[in-house]
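J.: Numbering follows the working numbering, with no gaps: position 6 of the sequence shown is 587. The structure is given below, and queries will be raised subsequently.
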Amino acid sequence: MASSTLTHTQATEKNHTSLIRRVASASAIGTAAEYYDFFAYGTAAVLFFGHLFFPSHDPLISTLAAFATYAVGFLA
């Protein structure tokens, strides 16, 4: 009867491949969540944040200030 056994090198390569897949999946999920967060904040900056955080200024200046905070968060 033939038995199949993995050598130590084959087992290590299999674990390494599994680890790479897990890291790549976690990175993709984290990146997607981060881009969604920036998309939602950018949309809210246009629609709401200018009026909420800078109510005493001109609407254009308020929107530009909201976009400036968006830019700082994106660059940081």
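Note that CB positions come from ideal geometry on N, CA and C, so glycine has one too.
Measuring only the C-alpha atoms, how far is R603 from H597?
T.: Answer to the nearest angstrom: the Cα atoms are 10 Å apart.
J.: By the three-class DSSP mapping on this structure, what secondary structure does D639 have?
T.: If DSSP states are grouped into helix, strand and coil, D639 belongs with coil.
J.: Among S599, I601, F619, which one has its Cα closest to the Cα of T650?
T.: Closest option to T650, Cα to Cα, is F619.
J.: Use the C-beta contact count for A647: other C-beta atoms within 10 angstroms, 16 or more gives buried, fewer gives exposed.
T.: Counting Cβ neighbours within 10 Å, A647 comes out buried, since at least 16 surround it.
J.: So the alpha helix (DSSP H) L633 belongs to, where does it begin and stop?
T.: L633 -> alpha helix (DSSP H) spans 631 to 634.
J.: In chain order, what residues of the same chain have a beta carbon less than 8 Å from the beta carbon of E615, not counting five sequence neighbours either side?
T.: For E615, where only same-chain residues beyond five positions count, there are no Cβ hits under 8 Å.
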